[in-house]
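In the numbering used here, the protein residues as written are 590 to 1255. Backbone N, C-alpha and C define an ideal beta-carbon position, used for all residues, glycine too.
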Amino acid sequence: MSDFGATVTPQGIRFAVWSSAARRLWVSLFDDSGTRELDRLELKPEGEGVHALLVSGLAEGTRYGLRADGGYAPERGLWFDPDKLLIDPYAVEIDRPYQYHWRLAAKRNEGADTAPLMPKAVARALPEPVPLKPPLFQPGGLIYELNVRSFTKLHPDVPEARRGTVAALAHPAVLEHLKRLGVSAVELMPITASIDERHLPPLGLSNAWGYNPVTFMALDPRLAPGGLKELRDTVAALREAGIGTILDLVFNHTGESDRFGPTLSLRGLDARAYYSHLPDGRLANDTGTGNTVACDHPVVRDMVLDTLRHFARFAGVDGFRLDLAPVLGRVDGAFDPEAPLLQAIAGDPVLADRFLIAEPWDIGPNGYQLGNFQPPYLEWNDRYRDDVRRFWRGDAGMVGALATRLAGSSDVFGRAGQPVSRTVNFIAAHDGVTLADLVAYEKKHNTANGEQNRDGHNDNLSWNNGVEGETDDAEIAEARFGDRCALLATLFASRGTIMLSAGDEFGRTQRGNNNAYAQDNAITWLDWAGRDRALERYASSLSALRRVFPPLSDTNFLTGEAADGSEIPDVVWLTETGVPLGEAEWNDPGRHRLVMMLGNSEGGRLAVMVNGDRRQCVFTLPARDGYEWHPAIEAQAIGLARPLPGRSVNFMIERRAGKTRAGKAS
C-alpha cells in the first residue's frame, strides 16, 4: 500500500499527501476535542508531487487536517484556499460526521476558516491484517442488499443503542433472520463517511443512503461509532454464521459536487488531477452528481486500490460492489473494459480472490455498459429487472424474454463464447420501488423528497392491481400478495447470482417513493413489527429449495443438452400441456404460460411452472418411468391434478416412485 496518510511510528507521526499543483501544504494539529488548532506545520516537498513531514512526539489518536495554498481560479480547476481545512484522502477515521454549511463552499477570502465546521482526521495505527480466508460468497448465491441504518433502526430485539449501526448486524436476532433466509452475503450500502447534498438541509432532509462520499477509507461515525474494529468484528460474526460481507463503495464521485459545491478534500488539494474535466475546463459530470473522479489518473488509481486492500486486509470482507463502475473504466473520458484500474483490481494479489460486482452504467457518453465488463466482474442486470417486471405486469410477447432471463441472460453475458453467466439478477434494489410497491403503485410518489415529484424514474414498469397505494380491499390485497409471491419465485428460480433488497422478503413499503435517498425516517426504516410473516416464510422456502436443488444456482448457461453421464437435458421448455414450445408458441404475443424443466445430474428433475395469465390452468408434466411428481414447496403445495391459479408460480420435483415425502424444500 502507498505510504500516504498519517503513519504512526515509534518516532512520531509521518504525514504525507499528494498534490501536483499546490505551492504549499500544511498539517493542522488539533486538541483532543478537535476544536482548537494547536499548531500548523508545513509539509516538505519530496518530489513527484509528494509532500510529507515526520512530526516527533505525536501519538495515535492525534486529530489533524490539511491545508493547501496555490492559485485560485475555479474556472481552470484551481481551488486553493488555506482557510479551507481539508480532510486527508487517506484518513482511516474521522472524529465526527460531515455536515453541510454554506461557508464550506464560499469563495476564497469570503468564508473564513472552516476548521470549526469540519471533522478532524484521527491518526490510527492499523491492526494486524485479518488472515485472508476464501470468500464465503460464491457466484450463484443470494446477495442481501441492506442499508445499515434503516435495516435495524426499528428492530425490537436489537438494543436501542446499537440500532442503525454496523454492530447491530452481529446481533443474534439479525443473524438468525439472515440464516433462515439463506443469505450467502450481505451487501452493505455505503458505510464510509458521506455528506448531505447542499439542497437537503433547507428541506429538513438528509442523505439516508450514503452515496455521497468525501473520504473513501474512513467509516461514517454514525454508522460505525466503533470504527474499523466494529466493522471487523461484525464481518467476523457474519462469517461465523456462514454469511459473507460485500461493501458497496463509491469511487466515481465525491460530495464536493459541482463548481458550487463545498471544498472538503480532493478539490482543495488538486482538483485538476483528482477530477475529470472537459476540454473547456468544466468538471465532467458522468455521474449526475456534479463531478467525476479521474480514475484514469495514476494517483487516483493507487488510492482506489489502497482503499480496496484496506477493507480486505483489515476487515476481511468477501468483496466489493462498485457504484457507477464505468467511471472506473473511463480512459480519457471513454469506457475501456481493459482500463488499467479495472485490470489492476482484478489482478491485485490481495484482491484477486475477492468478489467484484459492477453497476455497469453511468450517465456519461456511452455510459450503459451492461455485459461489457470482463471476468471476474459480476454485473447488476437491469435487463433482468425490466423483463421480469414487464412479464408480470402482463405485457404482450414477453415469454421468450422471461425464459432468457431465467436461464442466465446469455444474450448479454454469453458474448464471445463465454460459458458462465456473470449476471446479478434482481427485481428491486435500493434505487427504485420496493418489491411490494411494485404491485401497489402504478406511479411514483416522491413528494416527500421536496422536489415536487420531479425526481426519480417516471416509468417503474409497475402496476397497482386496481387501487393506487394502500387499500382495505381484501381482494386487491390477495392479488398483491400473489404477485409478490410470483415475483419472489421468479427471482429464486433464476440462473446465476440473485440479489434481494432487505425487507422485500416480508413486504416492506416506501409508500410509492422510488427515490428515497433523502428519507432517513419511517419511509425507509424496516417495519419489523408489521412484516408479512406469510411472505417471509415463502421466501425462506424458495431459498431452501434453491439450496437443495443445485441447478437453480448454477452459473453455467443452459444448453438444452444432457450433461456427461446423464440422459436428462439440463433444460426443456414446455407449454402448460407438457409439450416443447415451438416457434409459434415462442412468438405468440398472447402467451403468458411457460414451464422450465431443469435436469439434475443426481437424478430427479424440477419443473418451474409459470402461469402469467389471469386464468387458472391445469398444467401437465411428462412422466418418467420410476419417478413421480411431487410439490417441491409445502408453502404452496399444489399438485398436478389441481389448477394452478392465475398469476402464480409453482414448483414440482421428481422423486423415485414410492418416496411419498412431499413438499419440503429443507
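Our contact map puts residue i next to residue j with C-beta atoms below 8 Å; I'd like the distance itself, whole angstroms only.
| i | j | result |
| --- | --- | --- |
| D907 | A774 | 6 Å |
| P915 | G956 | 5 Å |
| A797 | R738 | 7 Å |
| L1115 | L1076 | That pair is no contact at about 18 Å. |
| T993 | F1002 | Contact doesn't hold; Cβ gap of about 11 Å is too wide. |
| E1186 | V1238 | First, the amino acid is wrong: residue 1186 is Met here, not Glu. Wrong, their Cβ atoms sit about 14 Å apart, outside the cutoff. |
| S1142 | R769 | That pair is no contact at about 18 Å. |
| N1053 | E1031 | 4 Å |
| D877 | I784 | Reading off the sequence, residue 877 comes out as Gly, not Asp. Not quite, the Cβ-Cβ distance comes to about 17 Å (not below 8 Å), so this is no contact. |
| V839 | Y863 | Contact flag wrong, Cβ pair sits at about 14 Å. |
| D1026 | G1101 | 6 Å |
| L991 | L1183 | 7 Å |
With a threshold of 6 Å on Cβ separation, who are the neighbours of residue i within its own chain once the five nearest residues in sequence on each side are excluded?
| i | result |
| --- | --- |
| S1255 | Summary for S1255: the model assigns pLDDT 33, below 50, so the residue's position carries little reliability; its value from the coordinates is reported in the next sentence. Result list for S1255: A1133, in chain order. |
| L1089 | Y733 |
| G1167 | T1209, L1210, P1211 |
| A947 | L911, A914, F962, Y966, E968 |
| A759 | T823, A826 |
| V920 | D885, A928 |
| N736 | M778 |
| A657 | A611, L614, F669, G857, L858 |
| A996 | R1084, L1147 |
Note the first and the last residue of the continuous beta strand (DSSP E) segment covering residue i.
| i | result |
| --- | --- |
| S1142 | Run containing S1142: none; DSSP gives neither H nor E here. |
| G774 | What sits at residue 774 in the sequence shown is Ala, not Gly. Here the beta strand (DSSP E) through A774 covers 774 to 777. |
| W1218 | 1216 to 1220 |
| I835 | 833 to 838 |
| W615 | 613 to 619 |
| A657 | 652 to 658 |
| A947 | 944 to 947 |
| M1186 | 1182 to 1189 |
Output yes or no for whether 9 Å exceeds the beta carbon distance between residue i and residue j.
| i | j | result |
| --- | --- | --- |
| L764 | A826 | yes |
| T804 | P887 | no |
| F1095 | D1121 | yes |
| L853 | I676 | yes |
| V606 | A641 | yes |
| L812 | G753 | yes |
| N1104 | N1189 | no |
| L777 | D869 | no |
| P1158 | T1144 | no |
| L792 | A1107 | yes |
| V1258 | G601 | As shown, the chain starts at 590 and ends at 1255. That puts residue 1258 outside it, with no answer to give. |
| P802 | T843 | yes |
| S591 | D891 | yes |
| P1234 | L1195 | no |
Given residue i, which residues of its chain have a CB within under 7 Å of its CB, disregarding the five upstream and five downstream residues?
| i | result |
| --- | --- |
| G660 | L667, F669 |
| R1245 | G1215, Y1216 |
| K1253 | With a pLDDT of only 41 at K1253, under 50, the local geometry of the prediction cannot be trusted, and the value read off the model is given with reservation. Hits under 7 Å: E1223. |
| D684 | G623, R652, P708, K709, V711 |
| L894 | A933, I934, D937 |
| F903 | L715, P716, P718, V719, L817, R821 |
| L940 | L897, R898, A901, I934 |
| Q958 | P915, F924, P949, W950 |
| R848 | P663, L872 |
| G1055 | I1065 |
Could you pull the DSSP bridge partners for residue i from this structure?
| i | result |
| --- | --- |
| L693 | In the DSSP output, where bridge partners are listed per residue, L693 has none listed. |
| S866 | Residue 866 is actually His in this sequence, not Ser. In the DSSP output, where bridge partners are listed per residue, H866 has L872. |
| E584 | Shown here, the chain extends from 590 to 1255; a query on residue 584 therefore has no answer. |
| Y1030 | Answer is none; Y1030 lacks a bridge partner. |
| S645 | G601 |
| H640 | V606, P634 |
| E626 | F619 |
| F849 | None; F849 has no bridge partner. |
| N1239 | M1198 |
| S783 | P802 |
| L1134 | According to DSSP, L1134 bridges with nothing at all. |
Run the proximity test for residue i: is its beta-carbon closer than 8 Å to any non-hydrogen atom belonging to the ligand HEM?
| i | result |
| --- | --- |
| F962 | The ligand HEM is not among the ligands present in this structure, which contains no ligands whatsoever. |
Can you give me the start and stop residues for the alpha helix (DSSP H) that residue i sits inside?
| i | result |
| --- | --- |
| M987 | Unbroken run through M987: none, as it is neither H nor E. |
| T1012 | Taken as a continuous stretch (DSSP letters only), T1012 belongs to no alpha helix (DSSP H), being part of the beta strand (DSSP E) at 1012 to 1014. |
| V763 | 761 to 770 |
| L1080 | 1063 to 1081 |
If you drop the 5 nearest sequence neighbours on each side, which residues of the same chain put their C-beta closer than 8 Å to that of residue i?
| i | result |
| --- | --- |
| G650 | D621, V711, A712, R713 |
| R1236 | W981, A1068, G1071, D1072, A1075, N1200, G1201, D1202, R1203 |
| E1064 | none |
| K633 | H640, A641, L642 |
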